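Chemist: Its first residue numbered 12, the sequence shown is counted upward by one per residue in our numbering.
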Amino acid sequence: MKKILIADDDKSIRFLLEFSFTQENFEVITVEDGKMAYELAKTDAFDAIVLDLMMPGYTGIEVSQKLRQKNIFTPILILTAKDDADTMIEGLEGGADDYMYKPFSTVEIITRIKSLIRRSENYKQSQSKIFTIDDLKVDFNKKQVFIANREISLTKREFELLSYLIDNQNTPVSRAEILEKFWGDSTDLGYTRIVEVHMSKLREKIEVDPKNPEYIKTKRGFGYVFKGNEE
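See the structure below:
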């Protein structure tokens, strides 16, 4: 049985999510503020966490940041009533894996959580190796990335995306493929943007000139391609 932590100060939302996930055979723990969520997530093992963006104690983003700082990488989905790009970017940069706007569909949130759990369980480095090209070095075992011998801090999802692109180096990968692999089969319009946001942030961290990328290129009509070592 999968175990999920739900933190929201709205009692009706907690009840709705607890009922919905219980129907899907989840063990559900609910709390009403961010501090309680953080303390529980630190000491107990969960398969996924749902956090309200704005709640007492800590915000959903603050909880995400604190957990990632503790090297706790449980999949996190943030619920927000704020429909703006800055909030989405802040949440993703803070360590969240996904987000949904309120009001939401319980069917969709369950689908997304299952997808996050599946990704978390199935994600393994395809090869035990260190990949290098020019000034870029990726240590798959230690999950570290270096540019000119300087370590670059990536979120878990950014590292997964970079690893996926490297595994498919020199081969275009479409946004649809990335969506399906990392976020399931959702057709939500925001999901196209979530890929673009992650890729933009990844470029900012590993490219000398993100607007003229050397590694992660956009191939018009096809998607993204990592220009790796030629065989």
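By construction, the Cβ of each residue, glycine as well, lies at the ideal position given by its N, Cα and C atoms. Please read these numbers as outputs of a predicted model, since none were measured by experiment.
Count the other CB atoms within 10 Å of the CB of Lys-22; is the residue buried (16 or more) or exposed (fewer)?
Modeler: Your numbering for residue 22 matches position 11 in the sequence shown. Lys-22 is exposed by the Cβ-count criterion.
Chemist: For Gly-102, which residues in the same chain have their Cβ closer than 8 Å to its Cβ, ignoring the five residues on either side in sequence?
Modeler: Your numbering for residue 102 matches position 91 in the sequence shown. Contacts found: Leu-64, Gly-71, Ile-72, Ser-75, Ile-89, Thr-91 and Tyr-110.
Chemist: Mapping the DSSP letters down to three states, classify Gln-136 as helix, strand or coil.
Modeler: Position 125 of the sequence shown, counting from 1, holds the residue named residue 136. Summary for Gln-136: the model assigns pLDDT 42, below 50, so the residue's position carries little reliability; its value from the coordinates is reported in the next sentence. Three-state result, Gln-136: coil.
Chemist: Under a three-way DSSP split, which group does Leu-28 fall into?
Modeler: Position 17 of the sequence shown, counted from the first residue, corresponds to residue 28. In this structure, Leu-28 counts as helix in the three-state DSSP scheme.
Chemist: Would you mind giving the Cβ-Cβ distance between Ile-163 and Ile-217, rounded to the nearest angstrom? I have them listed as a contact below 8 Å.
Modeler: Working through the sequence shown from its first residue, we reach residue 163 at position 152. Working through the sequence shown from its first residue, we reach residue 217 at position 206. The pair is a contact, with the Cβ atoms about 6 Å apart (cut-off 8 Å).
Chemist: Are Pro-67 and Leu-127 closer than 8 Å when you measure CB to CB?
Modeler: The count along the sequence shown starts at 1 and reaches residue 67 at position 56. The count along the sequence shown starts at 1 and reaches residue 127 at position 116. Not a contact, by the Cβ cut-off of 8 Å.
Chemist: In the stretch 152-219, which residue ranges form an unbroken alpha helix (DSSP H) of at least 4 residues, counting only runs that do not cross its ends?
Modeler: Within the stretch 152-219, the complete alpha helix (DSSP H) runs of at least 4 residues are 167-178, 186-194 and 201-217.
Chemist: Helix or strand or just coil, what does DSSP make of Ala-59?
Modeler: Indexing the sequence shown from 1 puts residue 59 at position 48. Ala-59 falls in the strand class under three-state DSSP.
Chemist: Counting pairs of beta carbons, one from the stretch 183-198 and one from the stretch 139-159, are three or more of them closer than 8 Å?
Modeler: The stretch 183-198, when compared against the stretch 139-159, does not touch it at the 8 Å Cβ threshold.
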